[in-house]
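Participant: Okay, so the sequence shown: first residue is 184 according to this note's numbering, each after it adds one. There's a structure below that I have some questions on.
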Amino acid sequence: MRRQPPSRFPDPRRAPGDAPLAWGGDLEPPTLLDAYSHGIFPWPTGDGTVLWWSPDPRAVIPLGGLHVSRSLRRTLTRGRFRCTVDTDFAAVVRGCADRPGEGTWITEEMIRAYEQLHALGLAHAVGVRDADHGALVGGIYGVALGAAFMGESMFSRATDASKVALVHLVERLNAAGFALFDAQMPTPHLTSLGAVTVTRDTFLRSLADALARRTSFAAPAGSPR
């Protein structure tokens with residue numbers, strides 16, 4: 184396992200499992216990359232304060248164990264949706280932020296931060312469009328480092344649209360040789376799609392191994408586009 188470079192963050196192995204390990208600071212690319220490479224992610228509060236988390240347990244999506252129900256398989260084969268990769272990044276992030284009546288942790292500062300990572304080739308998005316009228320109806324975005332993908336958020340404006348985005352993303356990660364899909368916090372929705380929880384120590388070891396591997400989100404020929 185390759186040793187990680189020093190971090191400005193506290194050691195996540197000594198952090199509480201159900202509370203932030205740090206708060207404040209900026210969302211500039213070096214800060215975000217430092218955090219992600221050490222198993223830490225930002226989650227701002229309603230007033231914009233950035234909290235930094237490394238929960239225990241940690242949710243991951245096994246790249247060989249995504250649960251695709253019969254109804255979802257029917258949706259995938261009916262051609263209702265068309266998936267795009269990295270052509271709608273800002274729109275996908277804003278779609279994830281647009282949660283009427285729910286509130287959102289995806290602030291304008293967060294949106295700008297991930298647009299910067301996207302410009303650096305490190306943040307990626309799968310968009311899902313209605314095959315008939317072309318409207319963006321779902322999507323998912325996250326950050327790719329080494330052979331690890333850190334999922335940030337997904338949204339859906341049509342039945343199964345976010346699930347279609349997730350299936351497409353997992354297919355692409357498999358085609359490109361990724362080893363780890365971090366889903367951050369466990370939720371019933373993610374669990375229904377095959378997400379599992381692992382201890383933080385297990386996650387950090389898997390992350391270090393994945394970061395040491397060379398791959399690219401630009402998948403090989405013949406993979407999903």
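We treat Cβ as the ideally placed atom computed from N, Cα and C, and that holds for glycine. Please read these numbers as outputs of a predicted model, since none were measured by experiment.
Of all the options S237, T374, G248 and L394, which has the alpha carbon lying nearest to the alpha carbon of D194?
Facilitator: If you number the sequence shown from 1, residue 194 lands on position 11. The shortest C-alpha separation from D194 is found at S237.
Participant: What is the rounded straight-line gap between the Cα of A330 and the Cα of R241?
Facilitator: Counting from 1 along the sequence shown, the entry for residue 330 is found at position 147. Counting from 1 along the sequence shown, the entry for residue 241 is found at position 58. Those two C-alpha atoms are separated by around 18 Å.
Participant: Ordered along the chain, which non-local residues of its own chain (more than five positions away) have a Cβ less than 8 Å from that of V320?
Facilitator: Numbered from 1 along the sequence shown, position 137 holds the residue referred to as residue 320. Counting only Cβ-Cβ distances below 8 Å, and skipping sequence neighbours, we find F264, V311, R312, D313, S339, R340, A341 and A344.
Participant: What does DSSP give as the partner residue(s) for G334 in the beta ladder?
Facilitator: Sequence index remark: in the sequence shown, residue 334 carries index 151 (1-based). DSSP output for G334 lists G325 as bridge partner(s).
Participant: Tell me, which residues are paired with R265 by DSSP?
Facilitator: As a working mapping, residue 265 is identified with position 82 in the sequence shown. Partner residues in the beta bridge of R265, as assigned by DSSP, are R312.
Participant: Leaving out five residues before and five after L303 in sequence, what residues of the same chain have Cβ atoms less than 8 Å from its Cβ?
Facilitator: If you number the sequence shown from 1, residue 303 lands on position 120. Within the same chain, L303 has close Cβ partners P212.
Participant: Run through DSSP, which three-state label would R256 get?
Facilitator: Locating residue 256 in the sequence shown gives position 73, counting from the first residue. Looking at R256 - three-state DSSP - the assignment turns out to be helix.
Participant: Assuming V243 and F386 make a contact with CB atoms under 8 Å, what is their CB distance in whole Å?
Facilitator: One-based indexing of the sequence shown puts residue 243 at position 60. One-based indexing of the sequence shown puts residue 386 at position 203. The pair is a contact, with the Cβ atoms about 7 Å apart (cut-off 8 Å).
Participant: Anyone know if the C-beta pair for L328 and Y219 falls short of 7 Å?
Facilitator: The residue given as residue 328 occupies position 145 in the sequence shown. The residue given as residue 219 occupies position 36 in the sequence shown. Yes, these two residues count as a Cβ contact at 7 Å.
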